[in-house]
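*Asks:* The structure follows.
Protein chains: 2
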Amino acid sequence: MFAKKTMSVVIGLAFGAEFLITVWAQVRPGDGPRYVNGSSLARPTDYREWVYVGGGLGLTYEQSRNPQATPRFGNVFVNPSAYRSFMQTGVWPNGTVLVLESRFAGTDEFVSNNGKFQGALRALEAEVKDSRFPDGWAFYNFGTADALRDVAEPLAGEEVQRCITCHTEHTAVERTFVQFYPTLLEAARQKGTVKPGF
Amino acid sequence: MFAKKTMSVVIGLAFGAEFLITVWAQVRPGDGPRYVNGSSLARPTDYREWVYVGGGLGLTYEQSRNPQATPRFGNVFVNPSAYRSFMQTGVWPNGTVLVLESRFAGTDEFVSNNGKFQGALRALEAEVKDSRFPDGWAFYNFGTADALRDVAEPLAGEEVQRCITCHTEHTAVERTFVQFYPTLLEAARQKGTVKPGF
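Same order as they appear, the protein sequences are chains G and P.
At position 90 of the first sequence the residue is numbered 89 (numbering that gives the first Met the number 0), and the sequence of numbers has no breaks.
At position 67 of the second sequence the residue is numbered 66 (numbering that gives the first Met the number 0), and the sequence of numbers has no breaks.
Set out below in structure tokens:
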């Protein structure tokens with residue numbers, strides 16, 4: 000009788016564990032890309048809770064074409080599971096999502112006359128590592144803040160070719176500007192995954 | 000017999016649930032301040048995986064005193080549980096830790112002649128909400144990157160009084176510069192916790 004009860008408790012424990020693990024997996028889904036119709040990307044709504052990898056001011060193509068343009072801040076966030084994987088290996092796992100946020104710059108006369116801080120959102124783009132795409136990476140543009148798309152199709156044709164060329168020739172690791180992301184750069188240096196010249 | 004077995008399974012499930020919740024709580028400890036000797040703060044080592052709330056360039060007292068000084072980037076990170084609580088309530092919970100990172104600015108001639116990106120760490124400070132301190136907030140300085148302290152004592156005397164005065168008179172919410180943190184500012188506006196004038 001005691002043995003039977005013990006066995007029932009053990010079976011119960013096993014069921015309990017399985018049940019809880021299932022629930023836990025359901026409430027904490029993967030943080031990778033959410034696709035619509037296979038290749039379009041649903042705009043990540045929680046990327047501000049992802050890992051911030053770096054940013055800059057006036058570090059845009061626009062600034063390059065027109066140096067008189069008002070400089071914007073750029074922030075780059077990555078999904079946490081991809082960040083942890085990169086920190087351990089120096090390479091991006093399939094399912095990496097990098098979000099590039101552009102923000103207007105504000106000034107504050109009290110703290111510093113010359114200083115600039117980050118203001119309202121201006122535009123949102125994303126880059127996803129996915130082996131199903133010809134280059135292994137897909138590029139998305141969610142548009143400007145006044146008309147953000149909920150879902151973006153992958154850039155195609157000449158448009159994506161420009162992304163790929165620049166993200167191949169001028170990036171420190173794979174298709175990503177790791178030279179601008181200090182904690183990632185240090186990890187990549189340790190793992191020997193930085194391209195020559197960086 | 001069937002009823003007994005069922006009850007044993009139910010008890011087993013309950014034990015299983017309790018066991019797993021206990022294990023889960025142990026492997027995911029709180030993300031609040033880790034004190035040494037009661038009030039000194041152990042330098043958070045994982046703050047780069049916390050939530051990035053905002054930042055700026057040249058937004059420092061140093062810049063204000065000497066406008067010719069080379070501007071630095073400032074990044075502010077907060078522990079995730081405090082971020083989520085603020086987004087829901089517009090106020091900081093006890094145990095909030097804000098980390099201020101100062102980074103050297105680099106330039107990249109390819110992407111933009113005028114653009115600046117974030118380089119090596121320069122210095123690290125922190126601010127903690129803790130009702131045990133006279134002001135309700137404590138301020139810590141971990142020093143410069145070449146000699147970072149593992150543990151910092153809370154600033155005291157005239158030094159902390161300067162922090163408190165500035166963080167009282169020139170901050171949008173409580174003792175924090177929420178006017179520079181766009182997602183937090185929006186939440187605080189919705190909750191009505193922004194000070195008049197911001």
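Using N, Cα and C, we set each Cβ at its ideal position, and we do this for glycine too.
Taking beta-carbon pairs under 7 Å, can you tell me which members of the stretch 42–59 of chain G lie near chain P?
*Replies:* Per Cβ criterion, the list reads Arg47, Glu48, Val50, Tyr51, Gly53, Gly54, Gly55, Leu56, Gly57, Leu58 and Thr59.
*Asks:* Where does the unbroken alpha helix (DSSP H) through Tyr82(G) begin, and where does it stop?
*Replies:* That run of the alpha helix (DSSP H) goes Pro79 to Thr88.
*Asks:* For a test of your reading of the model: does the CB of Arg121(P) fall under 7 Å from any non-hydrogen atom of the ligand ATP? Yes or no.
*Replies:* Questions concerning the ligand ATP fall outside what the structure shown contains, since it holds no ligand whatsoever.
*Asks:* Here's the rule I'm using: 16 or more other beta-carbon atoms within 10 Å means buried, otherwise exposed. How should Thr205(P) be labelled?
*Replies:* It is not possible to answer for residue 205(P), since the shown part of chain P is limited to 0 through 197.
*Asks:* What is the DSSP secondary structure of Gln62(G), reduced to helix, strand or coil?
*Replies:* Low confidence applies here, because Gln62(G) scores a pLDDT of 49, under 50, leaving its location unreliable; read the following figure in that light. Gln62(G): helix per DSSP, three-state reduction.
*Asks:* Which residues in chain G have a C-beta closer than 9 Å to the C-beta of Asp30(P)? List them in chain order.
*Replies:* What Asp30(P) touches in chain G: nothing, since even the nearest Cβ is about 13 Å away.
*Asks:* Quick one: residues in its chain with C-beta nearer than 8 Å to the C-beta of Arg33(P), no 5 flanking neighbours on either side, listed in chain order?
*Replies:* So the qualifying residues of the chain are Leu40, Ala41 and Pro43.
*Asks:* Answer yes or no: does any C-beta atom of chain P fall closer than 8 Å to that of Val26(G)?
*Replies:* Residue placement at Val26(G) is poorly supported in this model, since its pLDDT is 42, which falls under 50; the coordinates are not used for a value here.
*Asks:* Looking at C-beta atoms only, is the number of pairs between the stretch 131–149 of chain P and the stretch 75–95 of chain G that lie closer than 8 Å three or more?
*Replies:* No, they do not touch.
*Asks:* According to DSSP, simplified to helix, strand and coil, what is Val159(P)?
*Replies:* Three-state result, Val159(P): helix.
*Asks:* Which residues in the same chain have their Cβ closer than 7 Å to the Cβ of Leu97(G), if we skip the five residues on either side of it in sequence?
*Replies:* Once the five neighbours on either side are set aside, the close Cβ partners of Leu97(G) are Val75, Val77, Ala125, Glu126 and Thr175.
*Asks:* Between which two residues does the beta strand (DSSP E) holding Ala68(P) run?
*Replies:* Where Ala68(P) is concerned, there is no enclosing beta strand (DSSP E), given that its DSSP letter is neither H nor E.
*Asks:* Does the Cβ of Gly196(P) have 16 or more other Cβ atoms within 10 Å, making it buried, or fewer, making it exposed?
*Replies:* It is exposed - the Cβ of Gly196(P) has fewer than 16 other Cβ atoms within 10 Å.
*Asks:* So the candidates are Gly31(G), Gly37(G) and Gly29(G); which of them puts its Cα closest to the Cα of Glu152(G)?
*Replies:* Considering only alpha carbons, the answer is Gly37(G).
*Asks:* If I measure Cβ to Cβ from Gly55(G) and keep anything under 7 Å in the same chain, skipping five residues before and after, which residues do I get?
*Replies:* Cβ neighbours of Gly55(G) beyond the five flanking positions: Gly73 and Phe179.
*Asks:* For Phe76(G), which beta-bridge partners are listed by DSSP?
*Replies:* Tyr51(G) and Val98(G).
*Asks:* Near Gln25(G), what residues of its chain come up, given a Cβ to Cβ distance below 7 Å and the 5 sequence neighbours on each side ignored?
*Replies:* In this prediction, Gln25(G) has a pLDDT of 43, which is less than 50 and means its spatial position is unreliable; nothing more can be read from the coordinates.
*Asks:* The stretch 114–134 of chain P: which residues have C-beta closer than 8 Å to a C-beta of chain G, in chain order?
*Replies:* Answer in chain order: Gly114, Lys115, Phe116, Gln117, Gly118, Ala119 and Leu120.
*Asks:* Under 8 Å between C-beta atoms, does Gln62(P) make it to chain G?
*Replies:* Per-residue confidence for Gln62(P) stands at a pLDDT of 49, beneath the threshold of 50, marking its modelled position as unreliable; no derived number is given.
*Asks:* On the DSSP letters alone, give me the boundaries of the alpha helix (DSSP H) that Ala186(G) sits inside.
*Replies:* It spans Pro181 to Lys190 - the alpha helix (DSSP H) in which Ala186(G) sits, taken as one unbroken run.
*Asks:* Kindly indicate which residue of Val50(P), Leu120(P), Thr106(P) and Ala187(P) has the alpha-carbon position closest to the one of Glu173(P).
*Replies:* When each option's Cα is compared against that of Glu173(P), the closest is Ala187(P).
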